Amino acid sequence: MSSIRNPSTILLLLATLQVLCSTYFLYIPNFYAINSFLFFAAGIGISICLVRMPLVNMRRPTILNRQLLLKLLFVIPLLPISYQIARRIMDHTPLQIEYADMLPIIKTMCTRFLNGQWNQVYQPIPEIWNGVQPVYLPALWMPFLSSLIFDFDLRWVTVCGIWLSVVLVLIPSWKKEWRPFLLSAALLTLLAWLHFDTGNNVIRLTEEGVVFFYYALLTVAIVVFNPWLLGAGIGLCLLSRYSFIGWIPFAVLFLLFAKQYRFLLKSIGATVFVFILILILPFGLHPFLFHLHFQQDYILQATKVWRENPEFFYHSLGMAKFFGPSHIRLLHSVLISGTFLLPLAFLFVMKKKMLTQPNILLAGFQLSVTFFYNFIDVSYLYIFYTPVFVSLVIAAWSLSGKPITTSDPVHSSK
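When you number the sequence shown by the working numbering, it's gap-free, plus one each residue, and the end is 433.
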């Protein structure tokens, strides 16, 4: 029987708390402020567990094993249910800019790309808001090319992203005890919310399933400490939602301090390959550089949302509600500075001997993702399920680990 003080148990409880905070706790009247702090504290708590408590070495499992096949047998009956519910959601909400413009913009970008108009992909779109400027990076919109090629609703790509993220949670082998049942309950709670709640809009209006999968994949890459998978995951996340960008200097310095030079070079090589393949060859660096200089537009967007839909702040997660509409620039400054400084501060306050522990890289990633999403300028609810999936992946893989001693090496050089 696992002790409640077992680090993997605490990780699981905190991940479950994040699931509840981002789902049914939102129904509790006058609980939004406390709920936001609970969600933030749970994310920070996972980072602390990974570093300060007796650690867990999350070994790579044999991917194809009997337990995984049994898990998939339980998942398969859920897929037709998911299909019917998602189809009903899509039938009731056509893809129109009056509801949300993200997917119509992505559809236009995909159409231009398939028509061979690569130099027009990032040009203004006259038919949307009299010439909206597309800014989505290639790894975010390219998965939706399949919907145009095979003629199906773009939102099925979002649904696929959700289920692929679920599979990444299920891959590790778990011991036969009570904790996997709690993890399964948390996962089912999240899936039920995404399919049945009418306010989260993940399936109804967004492309976020792609982001969920990329960040879950990057989390797995950190856990298994594979340089090629890590580099590919970094590239995909950077070219979709780069909310983890403050972790990159942290990771580079950590690998240098740990003398993982070959690992670092392989990871950089894989990231560069992804950049060349889906960004530089078809479009050059302009879309990425334009995105990095988009700061003023984020502030203007936050101002507009505060004016037109303040409930997106008050009835959601995140710290923006505590800054209010009069301190948008202050919040943005905290976001930018904290995104880079907090992971670096975390690295340098670690004692030198702690750099031999394998979970610091993962703890820094969790810390970076937690901070960015909780201090983001506009706290749309649907974006918060990315850190939720990250936490679930960490908890799931920690259940497959075993205690380590302080003499164990960070990892063998790959």
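Where a beta carbon is used, it is the ideal one built from N, C-alpha and C, also for glycine.
Just so you know, these numbers come straight off a predicted model, no measurement behind them.
- Across the structure, His346 and Leu319 are spaced so that their CA atoms are roughly 12 Å apart.
- The stretch 384-402 makes contact with the stretch 342-358: 3 or more CB pairs, one atom from each, lie closer than 8 Å.
- In this structure, the beta-carbon distance from Phe231 to Ile297 does not fall below 8 Å.
- Judged by DSSP secondary structure, Ser356 falls within the alpha helix (DSSP H) whose first and last residues are 347-368.
- Fully contained in the stretch 295-335 are the following alpha helix (DSSP H) runs of length 4 or more, in chain order: 305-311, 314-327, 330-333.
- Here Leu33 has Ala61, Gly64, Ile65 as same chain residues with Cβ atoms under 6 Å from its own Cβ, once five neighbours each way along the sequence are excluded.
- Counting of Cβ neighbours within 10 angstroms places Trp197 among the exposed residues, the total staying below 16.
- Residue range 26-40 is occupied by the alpha helix (DSSP H) that includes Gln37.
- In this structure, Phe282 sits away from Gly254, with a CB-CB distance that is not shorter than 8 Å.
- Contact check for Phe44 against Phe50 passes: the beta carbons are separated by less than 8 Å.
- Counting along the chain, the unbroken alpha helix (DSSP H) around Asn393 starts and ends at 379-393.
- DSSP, read as helix, strand or coil, puts Ile144 in strand.
- For Met121, the enclosing alpha helix (DSSP H) begins and ends at 121-133.
- Cα atoms of Ala240 and Ser419: separation of roughly 15 Å, rounded to the nearest angstrom.
- According to DSSP, residue pairing for Val409 in a beta bridge does not occur.
- The alpha carbon of Ala277 has as its nearest neighbour, out of Ile379, His312, Ser55, the alpha carbon of Ile379.
- Here the C-alpha atom of Asn138 lies approximately 7 Å from the C-alpha atom of Phe302.
- The three-state reading of DSSP puts Val151 in strand, counting E and B together.
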